[in-house]
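These notes are about the structure you will find just below.
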Amino acid sequence: MSFDDSEEQLRRQADDVDAICDLHEYRTKPEWLFTDDDESGNEDTRHRQGKGERPGLAALNEVVVELASQGHAVTVVAWVPSRLFRDAGHKEHYFRRWARLGDVQVHTKQGVWNPKDPRDRFVSTIVAGADQYYSDDVREKVVRAHDERRAAGLPATGWPGFGHVRACGCGPKDGRCQATDHDRWIAEPDEAALIRDAVKRLLAGSAGLTTIARDWEARGVQTRLGSSTWRLTSLRKTLLSPRLAGILVRNGTELGRSPAIEAIVDESTFRRLVELLNRRNHGRHSHKAKQLLTGLLVCDVCGGQLNSNVKKGVQIYGCRIDGQCNIKGEAVERVYVDKMFERLGDKRFAAALSRVDDEAEGIMDELRIQEDELEALKAQAHRLPVDVYVAKYDAISTRTAELNRLLPVREETELATGWFGRVSELRRAWDDMPVDEQRALLAAIVGRAIVKPAAKKGQPATDEAVKARLVPLRGAPGTPGPPALPPRR
114 MSFDDSEEQL
124 RRQADDVDAI
134 CDLHEYRTKP
144 EWLFTDDDES
154 GNEDTRHRQG
164 KGERPGLAAL
174 NEVVVELASQ
184 GHAVTVVAWV
194 PSRLFRDAGH
204 KEHYFRRWAR
214 LGDVQVHTKQ
224 GVWNPKDPRD
234 RFVSTIVAGA
244 DQYYSDDVRE
254 KVVRAHDERR
264 AAGLPATGWP
274 GFGHVRACGC
284 GPKDGRCQAT
294 DHDRWIAEPD
304 EAALIRDAVK
314 RLLAGSAGLT
324 TIARDWEARG
334 VQTRLGSSTW
344 RLTSLRKTLL
354 SPRLAGILVR
364 NGTELGRSPA
374 IEAIVDESTF
384 RRLVELLNRR
394 NHGRHSHKAK
404 QLLTGLLVCD
414 VCGGQLNSNV
424 KKGVQIYGCR
434 IDGQCNIKGE
444 AVERVYVDKM
454 FERLGDKRFA
464 AALSRVDDEA
474 EGIMDELRIQ
484 EDELEALKAQ
494 AHRLPVDVYV
504 AKYDAISTRT
514 AELNRLLPVR
524 EETELATGWF
534 GRVSELRRAW
544 DDMPVDEQRA
554 LLAAIVGRAI
564 VKPAAKKGQP
574 ATDEAVKARL
584 VPLRGAPGTP
594 GPPALPPRR
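Now the structure itself:
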């Protein structure tokens, strides 16, 4: 097993492992060579990154367990012990596990260790402890160097994420050049254009992460690791990265705008995107195909979101917590769509939209003022006492967050006004529109609703009966405020 990020070094270590196996006539197979390429072996680093076991080591252990359970004598071969473990506790965990399996030993250039032998366990622990000290010592120096860079307003030394490249033109594995702008990240034109388009579509509600990921895959867009497959987690992580707004980050904490990182989108747009993506449900089933009213219906009993399912061949929107507010899908969807067309044909609704849009423009103007005040405050940072600077910074940040919470209304009004006066055209196009776009229009024009429990079981789902069970939770832009969401019980 090897651990390295250089192809040449990785090949050399694989040859070294093969040489040990050939010398001692160990029977091997190509699929029994495991690597942890580009994976940190420092357990503290992996814990900080939220990572579990190294994939290569986990796969190796599975084969060891399988072979040992079949009665085979198993030898785990590595060039040096640190290729396996860089933590004494981690080493001991596996040694105890392998000792219980039967005939398992570990062979490196430093000798052969038997996990069952107390002397070998003692010696291997001393060696692993020394490797742990070296790894921790190097990590401390690397962390200090990164802290110094961030204190100077410079991004990390690694290769920039999707959307950015080094200003000097250096590639991922080119090392450090002598150019003065080596530490500056600039937007890569094609990738930045893709990001801006994705942000625009997400905020407008015309596409979701799944649609964008499929679009990028169809166009052959590659990830930073060279893969043509865009996983939703990777796409979401990319779009939530503060560097898109030119913001420097240290250990998950934003340090503010940095002149060394070119912004791809402005900060107010980025904040709206973050709020949108964090507001959505990204649980275990969130990436499955959603129904028309997913996210728009709320249980009157517990305040939970109604989910779509099929019961006896009939689509139902129901609450998975208490099950008291089920409603037939076809009927409630028909009521929602009819209400949308009714409002689009109402001139009073258009006037209300216009008033809300004017209010949104005022919010945007104040956001720009807050951004200007923040830039002016940062320019005076070296002259202000720390407590004064922090107090002013927190006040601006709080007001900016409040304004950003109001901005989604503007996106909804723009989406709704785009179809005002075009009701006939929308009716013709409705059935051919993607579900994501249909849902976005319903959310913008009709809004969310609380579903009350049925007065009597088995009651026919007529339009009147469905309307009687719906209470506006958040009306469409420009409509009166609804009752508050019931608390969860």
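All residue numbers for the sequence shown refer to the numbering used here, where the first residue is 114 and numbers rise by one. Don't be surprised by glycine CBs; every beta carbon is placed ideally from N, CA and C.
C-beta contact flag for residue i and residue j at 8 Å
i    : j    : result
V267 : A373 : One detail in the question is off: residue 267 reads as Leu in this sequence, not Val. Taking 8 Å as the Cβ cut-off, L267 and A373 qualify as a contacting pair.
I509 : Q493 : no
G417 : I434 : yes
D216 : A191 : no
V334 : L307 : yes
D549 : T407 : no
L361 : R263 : yes
A305 : D294 : no
G560 : L539 : no
N422 : G436 : no
R337 : G274 : yes
V579 : D413 : no
L516 : L480 : yes
L405 : E446 : yes
A171 : L146 : no
L409 : A556 : yes
L322 : R349 : yes
V177 : L214 : yes
R167 : F208 : no
V411 : L419 : yes
G169 : T141 : no
A300 : E179 : no
H259 : I133 : no
Sequence-distant residues of the same chain with beta carbon closer than 7 Å to residue i, five excluded per side
i    : result
A241 : P194, F198, D200, A201, K204
D328 : none
P285 : W272
Identity of the residues DSSP links to residue i by a beta bridge
i    : result
K491 : Per DSSP, none; premise fails for K491.
C290 : For C290, which the question treats as bridged, DSSP gives no partner whatsoever.
K424 : V427
V219 : V189, W226
I440 : Y430
L277 : Note that residue 277 corresponds to His in the displayed sequence, not to Leu. The partner list for H277 (beta bridge, DSSP) reads A300.
E367 : V362
C283 : DSSP, once it has assigned bridges, lists no residue as partnering C283.
I374 : W298
V411 : Q418, I563
T382 : In DSSP, T382 forms no bridge with anything.
T141 : According to DSSP, T141 bridges with nothing at all.
P585 : A562
Environment of residue i [buried if 16+ CB atoms lie within 10 Å]
i    : result
H277 : buried
G396 : Its pLDDT being 43, under 50, G396 is placed unreliably in this model, and the value from its coordinates should be taken loosely. Flag for G396 reads exposed.
R582 : buried
D287 : exposed
C438 : buried
Y246 : exposed
P231 : exposed
V130 : buried
T604 : In this structure the chain extends from 114 to 602, so residue 604 is not present and cannot be described.
L136 : exposed
D507 : exposed
R332 : exposed
T382 : buried
R384 : buried
V448 : buried
A562 : buried
S237 : buried
Cutoff 6 Å; reference residue i; Cβ partners in own chain excluding five residues on either side
i    : result
T626 : The chain is shown only over 114 to 602; residue 626 falls outside these bounds and no answer can be derived.
R456 : F462, I558
E380 : A358
R314 : A320
E253 : none
Q218 : T188, V225, N227
A574 : K441, A444
Y139 : T188
A212 : P228, K229
Residue-chain proximity (residue i, chain D), Cβ-Cβ < 8 Å
i    : result
V177 : Note that chain D does not occur in the displayed structure, where there is just one protein chain.
Cutoff 8 Å; reference residue i; Cβ partners in own chain excluding five residues on either side
i    : result
F454 : V536, L539, R540
V378 : I308, R309, V312, L357, A358, L386
E367 : P355, I360, L361
K401 : Confidence is the limiting factor: at K401 the pLDDT is only 42, short of 50, which leaves the residue's position unreliable, though a coordinate-based value still follows. If we look at K401 and ignore the five residues flanking it on each side, it has no Cβ neighbours.
Hey, which unbroken runs of the alpha helix (DSSP H) at 4 residues or more fall wholly within the stretch 287-363? 302-317, 322-331, 345-352
Can you check the stretch 235-264 for any beta strand (DSSP E) of at least 3 residues that lies completely inside it and give the ranges in chain order? none
Would you list, in sequence order, the uninterrupted alpha helix (DSSP H) runs of no fewer than 4 residues that lie entirely inside the stretch 558-583? 576-582
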